[in-house]
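Asks:
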Amino acid sequence: MNQFVKDTLNLDFPFREAQVDLLCNLLVNNQSVLPPCLFIHGPPSSGKTCLVTRLLHLIGDSIKSSIVNSVSCYTNRILFELILHDLLEDTELNNTRCDHFVQFLNVLKQARIQNERVIIVLDKCEMLEYNQIHVLSKLQELIKSYELCVIFISQVSPTIFDEDIDFIPVIFEQYNSVEINEILSKEKPKKWSKEVYNNFLTVFCGSFIGNCRDLVELKHLANLLFTKYVEPIKDGQCTELNQNLLFRKISPTIQLLLNNVYLATSLENMESLNEDKVKFEKMALDLPYYAKYFLIAAYIASFNSPKYDRQLFVKVSNKKRKIKPPKKLEISTIELVGPKIFSLDRLLAIFYAIIEENTNMTANLLAQINTLTDLGLLIRLGDGKLDSTKYKCSVGFECVNNIGKTVKFNIEKYLIDK
Amino acid sequence: MKPVFHTCIENLKKKLIINDQLYRFDKERNELLQIVKRTTDFGESDSVIIIGPNKSGKSTLVDSVIKTLLPDSYTVVSLNGLIHTDDNLALKSIIQQLQMENLEGALVDGSFADNLHFLLESFRAGNRTASKSIIIILDKFDMFSSHSKQTLLYNVFDAVQSQQTPLCIIGLTSRIDVVELLEKRVKSRFSHNCIMLKPPTESNELLERLKCLLTIDKDCKVKSNISKKWNTNVELLIADSQTQELAEKLLKLSNNSTKLNMLIFMALSNLSEGEMLAVKDLTDSYNALYERDMILVHLLGLSVLELCLMISICHHSEIYDQEPFNFEMIYARYCKFASQNSTLLITKRQVVIKAFERISIMQLILPVAVAENKNVLREYRLYKCSISLDKVRTASNTYYRLPPIILQWIDSNII
Chain A
225 MNQFVKDTLN
235 LDFPFREAQV
245 DLLCNLLVNN
255 QSVLPPCLFI
265 HGPPSSGKTC
275 LVTRLLHLIG
285 DSIKSSIVNS
295 VSCYTNRILF
305 ELILHDLLED
315 TELNNTRCDH
325 FVQFLNVLKQ
335 ARIQNERVII
345 VLDKCEMLEY
355 NQIHVLSKLQ
365 ELIKSYELCV
375 IFISQVSPTI
385 FDEDIDFIPV
395 IFEQYNSVEI
405 NEILSKEKPK
415 KWSKEVYNNF
425 LTVFCGSFIG
435 NCRDLVELKH
445 LANLLFTKYV
455 EPIKDGQCTE
465 LNQNLLFRKI
475 SPTIQLLLNN
485 VYLATSLENM
495 ESLNEDKVKF
505 EKMALDLPYY
515 AKYFLIAAYI
525 ASFNSPKYDR
535 QLFVKVSNKK
545 RKIKPPKKLE
555 ISTIELVGPK
565 IFSLDRLLAI
575 FYAIIEENTN
585 MTANLLAQIN
595 TLTDLGLLIR
605 LGDGKLDSTK
615 YKCSVGFECV
625 NNIGKTVKFN
635 IEKYLIDK
Chain X
9 MKPVFHTCIE
19 NLKKKLIIND
29 QLYRFDKERN
39 ELLQIVKRTT
49 DFGESDSVII
59 IGPNKSGKST
69 LVDSVIKTLL
79 PDSYTVVSLN
89 GLIHTDDNLA
99 LKSIIQQLQM
109 ENLEGALVDG
119 SFADNLHFLL
129 ESFRAGNRTA
139 SKSIIIILDK
149 FDMFSSHSKQ
159 TLLYNVFDAV
169 QSQQTPLCII
179 GLTSRIDVVE
189 LLEKRVKSRF
199 SHNCIMLKPP
209 TESNELLERL
219 KCLLTIDKDC
229 KVKSNISKKW
239 NTNVELLIAD
249 SQTQELAEKL
259 LKLSNNSTKL
269 NMLIFMALSN
279 LSEGEMLAVK
289 DLTDSYNALY
299 ERDMILVHLL
309 GLSVLELCLM
319 ISICHHSEIY
329 DQEPFNFEMI
339 YARYCKFASQ
349 NSTLLITKRQ
359 VVIKAFERIS
369 IMQLILPVAV
379 AENKNVLREY
389 RLYKCSISLD
399 KVRTASNTYY
409 RLPPIILQWI
419 DSNII
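Line by line, the protein sequences give chains A and X. The first sequence maps to residues 225 to 642 in this note's numbering. The second sequence maps to residues 9 to 423 in this note's numbering.
Okay, structure coming up:
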């Protein structure tokens, strides 16, 4: 039994021998007691949940199990109900309400699982409260059923636990680049020969592994890139083994994808990523004329200290006085600390200072500010009354600069730090 | 055909998990026995608190004492501060465990006041000689003292003082200042009996326990020649100098006895068929359980970009003396390095921000504010980092194919 499970798992999960060994030794062994608590941890997409689920499926005949994703358990009751639903028969459930651990433990004690082997898996356990983890780790002791095991799975290292929680750690290491190459080569599309795919993988891994070692993301990217990679071969422009030419053809796409790792790229939107023009228009946002000025004013208000306002905006005989920027600090701190809060008065003052024409202060104009906050471009702080409201600009320099260009306004002149 | 030692191993594992054997503490056991006996035999109510570090054997001590009592002379009510998080839950649980739900006046759905009234009335109805004595065990006693106004504690301690149904209250806690946590009115009703349990400090004691745990008892259903063979092997094992070293190392790490149990459990589980326990199995398990540096494993699992961010973070913490940082600061630092050194490392901001988020998901860096403030943009949210530059340096030395330029960067003049 033990050997069979191990072999099956090793076949499905390459480079996980040590972990498979340990888990099988601890869990797969009929009529033996189970350890009270295991803690499985490792980086994202290293196969933790997948392997445990598969293992429990394989030994499902001899064991009752419940796999719960803790993210969805935002109250005790949901957590308990999910677990009880998996473990107990319908007749035993009889709609008891479990809001506290007391009731949960009572139900477990009375249920018929006392003499059965039970495994409870809590995925993403860092989402649980500390108290919950604490009690669950002692579950075996508390309900006095020695064939019960609680498995925590987490991306966070168990240093969050204190001395009182005893567990056997199972560590899933990240795959290294050779292993990733090997695993990806199993995903070879049937139509293509091994040689082509391996050549492709060398190129692929060489360029992507530095930025991303997440296997799921890499698989996705490899899929995307391979369809692009073989296009020249399909067209007949290039032979299968002319690696140099193939690489030259693919490198712009690699560059493109490298800039979009983790950003949910798909074959359809890959084209649009390329076009800078689209991006520019997206950034510039189709705001009304005055709203654009308001946003620019807000940016200036957020990133300039009020003490320079006088120097910047007071016009002497209609000529803008040139100011000398103050000495640059070691790091331009304001850029790094983030936008400062400003009042509505200051925003309006700057707005009137930078806008060339005379505009009347009307309700429509003020409504533009509210529109901007609703769009999430400004952040409103305070209770929403006009005289006490403070604002903060929430867009970056690049965006404001683009907006400035559309109204022929050079924002850099007005920023002290730039 | 089962391998030879299969049954032995299973038996030992069971013993480890059930863990009901008491070591040492004979004096303390007698002391506790005296107190409990006074309640069960003569109807004198009393209270006692047992103080000892986690897993030092407090519950085992209480269990072993209770086991020796006459079965009909007492009822046990055990509560745990972890589970009974407020007085109402605790009260209901007491009523349930005393099996009083069916009595007239008991309402499990009733209010707290009703239940308390009912319980106290019931206590008062009993008398010293005729009533069965009740032993109330309060595990994690310190947590009960955080309940509002300590109502439950006050009432049970008060019941101990008055002459009624014999009560013995046993509190178990790991906090040494537990008496100070009690309110004045509760404290004055407590008998100030404290029993201290001291964990083992000598490696000999640990070895003794190791031997006890590994030896196969006579009543175990194994052929005598097999158990004899096993036991001789265990004796050899204990005599080995490496095992003694291991015990000393374990003792330095923690005096928590469950750590030893876990160690043996894992060693036994990993034994291949037909083999007897060897020193190597113990040391292997020790290394796997307690020697692995979890943070290092995490760091080695990062991509080069993420590792670079970690280096930037550590540099920042060194320079600014552990001041919190935000994404912008780290990004600026990273860009400075990348643009000076290698064009390959220059990465778009959107990718870097994702990498930064992944680091924070793994909790290598933690946000300073506990609750997320919607008014702070995520680039400017403040984080702090608990990992030192040395750790990152160790990680990058063993990192698989790290570009040498990054290695130089770590040690370069950081300002």
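We put the beta carbon where it would ideally sit given N, CA and C, even for glycine.
1. Are the CB atoms of A:D310 and A:S290 within a distance shorter than 7 Å?
2. Buried or exposed: which applies to A:V538, given that a residue is buried once 16 or more other Cβ atoms fall within 10 Å of its Cβ?
3. Cα separation between A:Q398 and A:Q379?
4. In the DSSP output, what is X:M204 paired with across the bridge?
5. Counting only beta-carbon separations shorter than 7 Å, does X:G309 have a partner in chain A?
6. Using a Cβ-Cβ cutoff of 9 Å, what residues of the segment 253 to 282 of chain A are near chain X? List them in chain order.
7. Kindly list the residues whose CB is nearer than 7 Å to the CB of A:S294, restricted to its own chain and excluding five residues on each side of it in sequence; keep chain order.
8. Return helix, strand or coil for A:N542, following the three-state DSSP convention.
9. What residues from chain X crowd round A:N234, counting only those whose CB sits closer than 7 Å?
10. Residue range of the alpha helix (DSSP H) that A:D310 falls in?
11. Which of the three DSSP states is assigned to A:C623 in this structure?
12. Check the Cβ-Cβ distances between X:E36 and every residue of chain A, and say whether any is below 7 Å.
13. What residues in the segment 325 to 347 of chain X have a beta carbon less than 8 Å from any beta carbon of chain A?
14. Measure from the C-beta of A:V201 to each C-beta in chain X and report whether the shortest distance is under 7 Å.
15. Residue range of the beta strand (DSSP E) that A:S361 falls in?
16. In the DSSP assignment, the beta strand (DSSP E) including A:S401 goes from what residue to what residue?
17. Residues in the segment 79 to 94 of chain X with C-beta within 8 Å of chain A's C-beta atoms, listed in sequence order?
18. Taking only runs of the beta strand (DSSP E) that begin and end inside the segment 114 to 176 of chain X, which ones reach a length of at least 3 residues, in chain order?
19. Going by alpha carbons, who is nearest to A:L247 out of X:N278, X:L315, X:Y82?
20. If you measure between the beta carbons of A:D390 and X:T266, is that distance less than 7 Å?
21. For the segment 319 to 339 of chain A, which residues have a CB atom closer than 7 Å to at least one CB atom of chain X, in sequence order?
22. When you check each C-beta in the segment 364 to 381 of chain A against every C-beta of chain X, which residues fall closer than 8 Å?
23. Mind checking the segment 590 to 615 of chain A against chain X and listing, in chain order, the residues whose C-beta falls within less than 9 Å of any C-beta there?
24. Keeping to the same chain, check which residues put their C-beta closer than 7 Å to that of A:V440; ignore five residues upstream and five downstream.
25. Quick one: is A:I392 near chain X, going by C-beta distance under 7 Å?
26. Within 7 Å (strictly less), CB to CB, does A:S431 reach chain X?
27. Identify, in the order they occur along the chain, each residue of the same chain with its Cβ nearer than 6 Å to the Cβ of A:P563, setting aside the five sequence neighbours on each side.
28. Let me check one thing: in DSSP terms, what residues is A:K333 bridge-paired to?
29. Using the C-alpha atoms, what's the distance from X:F152 back to X:A340?
30. Quick one: grab the DSSP three-state call for X:G179.
31. Kindly list, in the order they appear in chain A, the residues whose Cβ is closer than 8 Å to that of X:M284.
32. Using the three-state DSSP reduction, which class does A:R472 fall into: helix, strand or coil?
33. So, do the segment 355 to 371 of chain A and the segment 252 to 261 of chain A have three or more beta carbon pairs nearer to each other than 8 Å?
34. If you measure beta-carbon to beta-carbon, which residues of the segment 398 to 420 of chain A are closer than 7 Å to chain X?
35. Apply the 10 Å Cβ neighbour rule to X:G51 and answer buried if 16 or more other Cβ atoms are within range, or exposed otherwise.
36. When Cβ atoms are compared, which residues of the segment 342 to 360 of chain A fall closer than 8 Å to chain X?
Replies: Checking against the coordinates, here is how it stands:
1. Between A:S290 and A:D310, the gap from beta carbon to beta carbon is short of 7 Å.
2. A:V538 counts as exposed, since fewer than 16 other beta carbons sit within 10 angstroms of its beta carbon.
3. Their Cα atoms are separated by approximately 11 Å.
4. Bridge partners of X:M204: X:I59.
5. Yes - at least one Cβ of chain A is within 7 Å of the one on X:G309.
6. Listed in sequence order: N253, Q255, S256, V257, L258, P259, P260, H265, G266, P267, P268, S270.
7. Excluding residues up to 5 positions away in sequence, L346, D347, K348, C349, M351, L352 lie with their Cβ nearer than 7 Å to the Cβ of A:S294 in the same chain.
8. Its pLDDT being 49, under 50, A:N542 is placed unreliably by the model, and the measurement read from it follows with that caveat. Coil at A:N542, not helix or strand.
9. Result: empty, since nearest Cβ-Cβ is about 16 Å, beyond 7 Å.
10. Taken as a continuous stretch (DSSP letters only), the alpha helix (DSSP H) holding A:D310 covers 300 to 311.
11. Assigned with DSSP and collapsed to three states, A:C623 falls in helix.
12. Taking Cβ atoms only, chain A never reaches closer than 7 Å to X:E36, which makes this a no.
13. Going along the segment 325 to 347 of chain X in chain order, one finds N334, E336, M337, A340 with a Cβ nearer than 8 Å to chain A.
14. Residue 201 of chain A is absent from the model: chain A starts at 225 and stops at 642.
15. Premise fails: A:S361 lies in the alpha helix (DSSP H), 354 to 361, not in any beta strand (DSSP E).
16. Counting along the chain, A:S401 falls outside any beta strand (DSSP E), though it belongs to the alpha helix (DSSP H) covering 401 to 409.
17. Contact residues of the segment 79 to 94 of chain X toward chain A are N88, L90, I91, H92, T93 (C-beta to C-beta distance below 8 Å).
18. List check, beta strand (DSSP E) in window: 141 to 147.
19. With distances taken between Cα atoms, A:L247 lies closest to X:N278.
20. Their beta carbons are under 7 Å apart, which means A:D390 touches X:T266 by this criterion.
21. Hits within the stretch, in order: H324, F325, V326, L329.
22. Answer set for the segment 364 to 381 of chain A: Q364, L366, Y370, Q379, V380, S381.
23. Of all residues in the segment 590 to 615 of chain A, I603, R604, L605 have a Cβ within less than 9 Å of some Cβ in chain X.
24. The beta carbon of A:V440 sits closer than 7 Å to those of S269, all from its chain and outside the five residues before and after it, given in chain order.
25. Look at A:I392: its C-beta is under 7 Å from a C-beta on chain X.
26. Interface residue (Cβ-Cβ distance to chain X less than 7 Å): A:S431 is not classified as such.
27. Within the same chain, A:P563 has close Cβ partners S526, K616, C617.
28. Partner(s): none; A:K333 has no beta bridge.
29. So the two alpha carbons sit approximately 50 Å from each other.
30. Of the three classes helix, strand and coil, the one that applies to X:G179 here is strand, per DSSP.
31. The contacting residues do not exist; X:M284 stays about 16 Å from chain A at best.
32. Correct three-state label for A:R472: helix.
33. A contact exists between the segment 355 to 371 of chain A and the segment 252 to 261 of chain A.
34. The segment 398 to 420 of chain A vs chain X, Cβ under 7 Å: Q398, N400, S401.
35. Buried, since its Cβ has 16 or more Cβ neighbours within 10 Å.
36. Along the segment 342 to 360 of chain A, going in chain order, the ones with a CB nearer than 8 Å to a CB of chain X are E350, N355, H358, V359.
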